[in-house]
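Note sheet for the following structure.
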Amino acid sequence: MPGPHRGRGEDGGTRVDRDSDELRPPAGNCFVCQARERTEWCRLGEDELGLLNRHKIANRYEPGQVIFYQGNPCLGIHCIEEGTVALRKAASDGQEMVARLFHAGDTLGYLAYFAETGYTGTAVAVTPAHVCFIERTAVRELLARNPALGLAFLRRTAENLRDAEDARLRDAALPLRIRLAHLLLVFKDRFGTADEDGTISIDLPLSRQDIAAMLGVRPESLSRAIRQLERSGAARFSRRLVRVPDLDLLFDQLEEAG
5 MPGPHRGRGE
15 DGGTRVDRDS
25 DELRPPAGNC
35 FVCQARERTE
45 WCRLGEDELG
55 LLNRHKIANR
65 YEPGQVIFYQ
75 GNPCLGIHCI
85 EEGTVALRKA
95 ASDGQEMVAR
105 LFHAGDTLGY
115 LAYFAETGYT
125 GTAVAVTPAH
135 VCFIERTAVR
145 ELLARNPALG
155 LAFLRRTAEN
165 LRDAEDARLR
175 DAALPLRIRL
185 AHLLLVFKDR
195 FGTADEDGTI
205 SIDLPLSRQD
215 IAAMLGVRPE
225 SLSRAIRQLE
235 RSGAARFSRR
245 LVRVPDLDLL
255 FDQLEEAG
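Under the working numbering, the first residue of the sequence shown is numbered 5, with each subsequent residue one higher.
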């Protein structure tokens, strides 16, 4: 998960509804897809893009709809054109937790594809989302034509492992209040809006229970951290709406950690 910056700034899905105004119409064409330009797929040449364009299936998902289930055979990979998707993983006690959020330009399922295993988690749309599915035979042909594509996914895997290790070390050293402030700043960049008075409003994409699971704590511990942020004046919480009256106060929470 990228760090915050100061500023205000499966098939089970349905076919894309081009009359809906909740999302802008999908590109429907890999040659002009803006999300592709920021991903591993930007390495494809014109002929390879033609192959991708012929074989991809564009799906639309509403919040709560499942894209694929943990443990199911990996039939291909999924590219997010627009929206946010949560990857949920089942723990040993049967409880599910959100392991990570994915956004436009991210690719889902490639780890299971390369490992030839079932999906490692359940992907669920958090917001209205456009997701393109590419079946495995097309992926195999693209990798054979363009080895740089496979190297790009290998590099992405290494980067994700590094980021996960950095996050684990950071979380072991920082108080929960500061980790929550960091997460709010990350959410601010994607789900925040600035009011006329300068207040930042953040529509949380996850429930408090899911946020607690992401942070590796119990819900009551998260509640205490929320109260601490509220007492400091850095944020006010109302269900899934968080209001930040002064962004610098939230950044100050991180700076206290050195």
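C-beta: ideal position from N, C-alpha, C; glycine also.
Sub-8 Å separation of residue i and residue j beta-carbons
| i | j | result |
| --- | --- | --- |
| ALA94 | GLU85 | no |
| ALA239 | ARG247 | yes |
| THR287 | GLN74 | With the chain represented from 5 up to 262, any question about residue 287 goes unanswered, as that position is not in the structure. |
| CYS34 | ASN57 | yes |
| LEU55 | GLU145 | yes |
Cβ shell of residue i (< 6 Å), same chain only, five flanking positions each side left out
| i | result |
| --- | --- |
| PHE241 | ILE230 |
| ASP110 | ILE84 |
| ASN76 | GLY122, TYR123 |
Exposure of residue i, with buried meaning 16 or more beta-carbon neighbours within 10 Å
| i | result |
| --- | --- |
| GLN38 | exposed |
| LEU254 | buried |
| LEU165 | exposed |
| LEU36 | Contrary to the premise, residue 36 reads as Val rather than Leu in this sequence. Counting Cβ neighbours within 10 Å, VAL36 comes out exposed, since fewer than 16 surround it. |
| ALA162 | exposed |
| CYS46 | exposed |
| ALA90 | buried |
Residue from the options with nearest C-alpha to residue i
| i | options | result |
| --- | --- | --- |
| LEU226 | ASP193, GLU50, LEU184 | LEU184 |
| ILE206 | THR197, ARG212, ARG47 | THR197 |
| THR88 | LEU48, GLY98, ALA133 | ALA133 |
| TYR293 | CYS136, GLY113, HIS186, ALA103 | Since the displayed the chain opens at 5 and closes at 262, residue 293 lies outside it and no answer follows. |
| GLN213 | PHE72, ALA103, GLU120, ARG235 | ALA103 |
Cβ of residue i within 8 Å of any chain C Cβ
| i | result |
| --- | --- |
| ARG149 | Structure shown: chain C not included; a single protein chain is present. |
Sequence-distant residues of the same chain with beta carbon closer than 7 Å to residue i, five excluded per side
| i | result |
| --- | --- |
| THR203 | ARG247, VAL248, PRO249 |
| HIS59 | ILE138, GLU139, ALA142 |
| PRO223 | ARG212, GLN213, ALA216 |
| HIS107 | ILE84, THR88, ARG194 |
Cβ shell of residue i (< 8 Å), same chain only, five flanking positions each side left out
| i | result |
| --- | --- |
| GLY80 | GLY113, TYR117, PHE137, ILE138, GLU139, ARG140, ALA142, VAL143 |
| ASP25 | Residue placement at ASP25 cannot be trusted, given a pLDDT of 40 that sits under 50; what the coordinates show is reported in the next sentence. Counting only Cβ-Cβ distances below 8 Å, and skipping sequence neighbours, we find nothing. |
| ALA182 | It is Ile, not Ala, that sits at residue 182 in the sequence shown. If we look at ILE182 and ignore the five residues flanking it on each side, its Cβ neighbours are GLN257, LEU258, GLU260, ALA261. |
Entirely within the stretch 222 to 258 and at least 3 residues each: give me those beta strand (DSSP E) ranges in chain order.
-> Within the stretch 222 to 258, the complete beta strand (DSSP E) runs of at least 3 residues fall at 240 to 242, 245 to 248.
Note down, one range per segment and in chain order, each beta strand (DSSP E) of at least 3 residues found wholly within the stretch 65 to 137.
-> The stretch 65 to 137 is shown to contain whole beta strand (DSSP E) runs of 3 or more residues at 70 to 72, 80 to 86, 89 to 94, 100 to 106, 126 to 129, in chain order.
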